[in-house]
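Below: one structure, written as structure tokens.
Protein chains in written order, with the numbering used here: chain A, 8 to 279; chain B, 8 to 279.
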């Protein structure tokens with residue numbers, strides 16, 4: 008492994024076709040020491056089997072995607088979501104990561120403020136389980152384009168507000184450049200997150216539109232000031248893994264080995 | 008005209024196939040007293056001819072779309088944008104509206120902060136012409152999904168900041184619900200905009216993704232709290248026209264008369 012890649016992590020969604028086994032072996036061969044796992048992929052392979060694969064390849068798990076999705080229309084549905092988050096906490100512990108990424112969820116109706124309250128309550132309910140399991144809950148603000156479908160937590164400031172109110176070392180923020188690059192107060196909020204930044208995800212924002220869910224770019228192909236943001240999170244005390252997380256039809260169509268090679272190159276050129 | 012429709016305005020893009028003449032006659036027949044014009048449509052018809060059509064149909068012009076697009080890579084290009092904005096100010100005056108909507112522009116490179124400074128300087132340069140012509144410059148914050156392609160002014164707060172710094176009665180904010188509905192500090196910023204709200208645009212945000220440029224919804228079909236927002240801008244002192252501005256392939260495929268009828272119904276049901 009090149010020392011320069013010491014912080015690099017493959018978020019598994021970037022090579023969507025690969026199983027846990029394929030992704031872990033690919034990373035090990037490419038000298039990428041970290042991996043970010045997804046629960047659906049882990050479930051396909053089996054939880055214990057996945058943990059065993061990770062141990063055998065010697066990888067470290069940067070995070071598990073994802074908990075969250077707290078708002079729901081009924082009390083029963085909200086309780087079911089909490090149960091699912093508790094299971095996710097347990098899975099994270101078995102897989103040997105200390106970070107569960109939270110995609111907080113959209114409103115079940117038009118009341119976005121009520122949904123935001125449900126998110127904060129949901130995190131509060133899951134927190135005792137996270138504390139007991141030694142898992143940190145990483146609130147990932149999602150780009151406002153996803154506010155109706157995936158998360159009513161749309162800004163870094165909202166995530167910081169929740170972290171400050173809950174005031175637990177087990178709750179922090181995961182910053183994905185795709186979701187926050189446009190934010191006029193981004194650097195103020197990064198500094199405010201000092202001590203509770205739990206993850207840093209890179210990719211790029213491509214010009215020209217398209218479906219925001221599947222046209223995320225490879226680092227260097229878009230407009231995001233990646234190096235500047237990496238330096239800012241470091242200046243705010245974050246020294247952990249840097250996950251490459253790309254939802255992109257063209258990247259998904261490439262052979263996995265080629266994606267890993269490209270990721271390594273672009274990471275060295277545009278992020279480090 | 009129904010008294011209930013007294014503030015309703017058709018933004019011309021909503022019925023994209025119609026010329027100025029067709030749109031003006033359609034509004035007059037449907038009892039819609041206001042129209043928001045687009046410069047490309049006005050240019051097709053001719054500026055004086057368009058002004059004459061508007062006078063004959065007895066409509067009022069709520070705004071002209073659009074000036075802006077200030078950031079550019081070279082000094083010459085920036086100067087050309089300023090010239091274009093001066094022309095837009097002149098056209099607004101001839102058409103008899105007092106509001107020119109500004110879509111402020113994207114960065115020519117990756118430096119979003121520099122582009123934001125270019126926007127503010129650009130408005131400052133156009134301002135003397137606007138003051139002389141009695142035209143107000145309405146900064147329209149655009150949804151962050153358009154930050155790479157159309158505007159680096161992504162939040163209501165940024166627009167308010169610029170208005171406060173420039174401190175002229177000729178500069179204000181145009182609020183389009185599509186662009187700001189997700190904003191966790193929206194209502195604070197609406198109240199802060201008291202006295203300088205120059206326009207209010209309605210439509211809806213549809214769940215389920217798609218290209219954000221052409222899948223804007225008809226009022227009532229999405230998740231935006233339209234009535235709550237209308238009441239908030241009124242509480243902040245805005246009593247002007249309410250423009251319906253919808254970029255949507257399905258709406259564009261409908262006969263214009265049907266669109267006007269639907270707009271009237273949905274406006275009464277979801278906005279008033």
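Where is the CB? At the ideal position from N, CA and C, for every residue including glycine. Here the structure is a predicted model, which means the values were calculated and not measured.
Secondary structure note for residue 62(B): its alpha helix (DSSP H) is the uninterrupted segment 54-64. Using a 10 angstroms sphere on the CB of residue 105(A), the tally of other CB atoms reaches 16 or more, which defines it as buried. Under the three-state reduction of DSSP output, residue 250(B) falls in the strand class. DSSP places residue 278(A) within a helical segment (H, G or I) once states are collapsed to three.
For the set 65(A), 71(A), 62(A), the Cα lying nearest the Cα of residue 18(A) is the one of 71(A). When DSSP reads this structure, residue 210(B) sits in no beta bridge, so it has no partner. Taking 7 Å as the CB threshold, residue 152(A) lines the interface with chain B.
For the segment 211-241 of chain B, the set of residues with a beta-carbon nearer than 8 Å to any beta-carbon of chain A comprises 212, 213, 214, 215, 216, 217, 218, 219, 220, 229, 230, 231, 232, in chain order. For residue 187(B), there is no enclosing beta strand (DSSP E); the residue is found in the alpha helix (DSSP H) stretching over 184-187. Excluding its 5 nearest sequence neighbours in each direction, residue 167(A) has C-beta neighbours in its own chain below 7 Å: 180, 196, 199, 200, listed in chain order.
Of all residues in the segment 135-166 of chain A, the ones placed with a Cβ closer than 7 Å to any Cβ belonging to chain B are 150, 151, 152, 154, 155, 156, 161, 162, 165, in chain order. The segment 216-223 of chain B makes no contact with the segment 185-196 of chain A, as fewer than three CB pairs between them are under 8 Å. Residue 89(A) carries a helical assignment under DSSP once its states are collapsed to helix, strand and coil.
Cβ-Cβ separation between residue 109(B) and residue 74(B): approximately 5 Å, consistent with a contact (criterion under 8 Å). Residues of chain A whose Cβ lies closer than 7 Å to the Cβ of residue 45(B) do not exist; the shortest such Cβ separation is about 20 Å. DSSP lists 144(A) as the beta-bridge partner residues of residue 178(A).
In this structure, the beta-carbon distance from residue 270(A) to residue 251(A) falls below 7 Å. Straight across, the Cα-Cα distance linking residue 76(B) with residue 204(A) is about 36 Å. Residue environment analysis places residue 263(A) among the buried positions, since at least 16 neighbouring C-beta atoms fall within 10 angstroms of its C-beta. Counted as a single uninterrupted DSSP element, the beta strand (DSSP E) harbouring residue 75(A) occupies residues 67-75.
Sixteen is the threshold: since fewer than 16 other Cβ atoms of the shown chains lie within 10 Å of the Cβ of residue 67(A), the residue is exposed. If you draw a straight line from the Cα of residue 114(A) to the Cα of residue 80(A), it is about 8 Å long. Contact between residue 137(A) and residue 144(A) is confirmed by a C-beta separation of about 5 Å, below the 8 Å threshold.
Beyond the five residues adjoining it in sequence on each side, residue 33(A) comes within less than 6 Å, by CB distance, of 263, 267 in the same chain, given in chain order. Membership of residue 25(A) in any alpha helix (DSSP H) is not indicated, and neither H nor E is assigned to it by DSSP. Each residue's CA atom was taken as its position, placing residue 213(B) and residue 187(A) some 22 Å apart. When the alpha-carbon of residue 94(B) is set against those of 39(B), 244(B), 133(B), the nearest one is in 133(B). For residue 191(A), the nearest CB of chain B lies under 7 Å from its own CB, placing it at the interface with that chain. If you check each beta-carbon in the segment 85-117 of chain B against every beta-carbon of chain A, the ones closer than 9 Å belong to 113, 114, 116, 117. Separation of residue 58(B) and residue 41(B) (C-alpha to C-alpha, rounded to the nearest whole angstrom) is 14 Å.
For residue 18(B), the uninterrupted beta strand (DSSP E) run begins and ends at 15-18, by DSSP. The segment 89-171 of chain B contains, as complete alpha helix (DSSP H) runs of 4+ residues, the segments 119-140 (chain order).
When DSSP states are grouped into helix, strand and coil, residue 201(A) belongs to the coil group.
Considering only 35(B), 12(B), 22(B), the residue with the shortest C-alpha distance to residue 260(B) is 22(B). Here residue 85(A) has 79 as same chain residues with Cβ atoms under 6 Å from its own Cβ, once five neighbours each way along the sequence are excluded.
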